[in-house]
Amino acid sequence: AQSVTQLGSHVSVSEGALVLLRCNYSSSVPPYLFWYVQYPNQGLQLLLKYTTGATLVKGINGFEAEFKKSETSFHLTKPSAHMSDAAEYFCAVTKNTGFQKLVFGTGTRLLVSP
Amino acid sequence: ETGVTQSPTHLIKTRGQQVTLRCSSQSGHNTVSWYQQALGQGPQFIFQYYREEENGRGNFPPRFSGLQFPNYSSELNVNALELDDSALYLCASSFPPGQNTGELFFGEGSRLTVL
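Here is the structure:
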């Protein structure tokens, strides 16, 4: 079975500050990991993904995440927050073989203040 | 390239009624998954369709059912609606099993309110 834990239902930062959204996963097989963003009244948009290879992955809008197997973590970062980054962020996991379904965390709402 | 489209965007039903939600997959994708997102929660997997057959199901009762058509579009049907069925229903398309890395492409969802 697979699961995802996102620490912090809300994270507040000032514009220009570092963004750090935490995600820890549990998986009995090698995982594929994802971060999705959801703006109000919209569906989910993929920010970035880790499948194999380089453990530091870069995504859209200046976001990046690092897969750390020893810590079972996949934290999302951005060096400098922008007002437009305010949204709900979801970490998700699936397995790398066989039938795949995404298992999502409960989400973290990012608030950006001027 | 056409993205995933869902209809209707919003609807209101009463307890006991039935609802059908529709989804057109992204061009080139032949696998469709449905997710339920309750308010303040992450999406929960309902089921996946591939080659017009259910290819996996989450922890949802049989009154949640689906179809996939030859053009890869899909329907989600929910019978005997309950108040807890109020949620955003998300459709996602992807490349077939074994040919994708788990990435899903989501539509904007259908928001169902059950009164």
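Chains as they are written, first to last, in the numbering used here: chain A, 1 to 114; chain B, 1001 to 1115. Just so it is clear, CB atoms sit at the ideal spot from N, CA and C, and this is done for glycine as well. Every value quoted in this text rests on a predicted model; they were computed, and no experiment measured them.
Quiz item: DSSP on B/Leu1083, reduced to helix/strand/coil?
Solution: helix
Quiz item: Can you give the Cα-Cα distance for B/Glu1108 and A/Lys69, rounded to whole angstroms?
Solution: The straight-line gap separating the alpha-carbon atoms of B/Glu1108 and A/Lys69 is approximately 33 Å.
Practice problem: State the start and end residues of the unbroken beta strand (DSSP E) segment that holds A/Ala1. | Solution: Careful: A/Ala1 lies outside any beta strand (DSSP E) and carries neither H nor E.
Practice problem: Using beta-carbon positions only, say whether A/Glu15 and A/Val112 come within less than 8 Å of one another. | Solution: yes
Quiz item: If you measure beta-carbon to beta-carbon, which residues of the segment 1012-1035 of chain B are closer than 9 Å to chain A?
Solution: Ser1033, Tyr1035
Quiz item: Near A/Leu18, which residues of its chain fall below 8 Å by C-beta distance, leaving aside the five closest residues on each side in sequence?
Solution: Closer than 8 Å at the Cβ level, and outside the excluded window around A/Leu18, lie Thr77, Lys78, Pro79, Ser80, Ala81.
Quiz item: If we cut at 8 Å on Cβ distances, does B/Tyr1101 have a partner in chain A?
Solution: Residue identity check: residue 1101 of chain B is Thr in the sequence provided, not Tyr. Chain A contact via Cβ: present.
Practice problem: Give the residues of chain B in contact with A/Lys68, contact being defined as C-beta atoms less than 8 Å apart. | Solution: Those within 8 Å of A/Lys68 in chain B number zero; the least Cβ separation is about 19 Å.
Quiz item: Whose Cβ in chain A lies nearer than 7 Å to the Cβ of B/Glu1108?
Solution: Per Cβ cutoff of 7 Å: Gln42, Gly43.
Quiz item: With distances taken between CB atoms, is the gap from B/Leu1081 to B/Trp1034 smaller than 8 Å?
Solution: no
Practice problem: Please go through the same chain and pick out, in chain order, the residues whose beta-carbon is closer than 7 Å to the beta-carbon of B/Gly1056, but skip the five residues on each side of it. | Solution: Phe1047, Gln1048
Quiz item: What is the DSSP secondary structure of A/Ser84, counted as helix, strand or coil?
Solution: helix
Quiz item: Are the C-beta atoms of A/Phe63 and some chain B residue less than 8 Å apart?
Solution: Cβ-Cβ to chain B under 8 Å: no for A/Phe63.
Quiz item: Roughly how many whole angstroms lie between the Cα atoms of A/Arg22 and A/Val57?
Solution: Rounded to the nearest angstrom, the two C-alpha atoms are 15 Å apart.
Practice problem: Decide if B/Thr1122 is buried, meaning its Cβ has at least 16 other Cβ atoms within 10 Å, or exposed. | Solution: Absent from the model: residue 1122 of chain B. The displayed extent of chain B is 1001 to 1115, so no value can be given.
Self-check item: Close-in-space but distant-in-sequence residues of the same chain around A/Lys101 (CB under 8 Å, 5 per side omitted)
Solution: Listed in chain order, the non-local C-beta contacts of A/Lys101 below 8 Å within the same chain comprise Thr94, local neighbours out to five positions each way being set aside.
Quiz item: Counting pairs of Cβ atoms below 8 Å between the segment 21-41 of chain A and the segment 1015-1027 of chain B, do you hit three or more?
Solution: no
Self-check item: Start and end residues, beta strand (DSSP E) containing A/Thr55
Solution: Counting along the chain, A/Thr55 falls outside any beta strand (DSSP E), and DSSP gives it neither H nor E.
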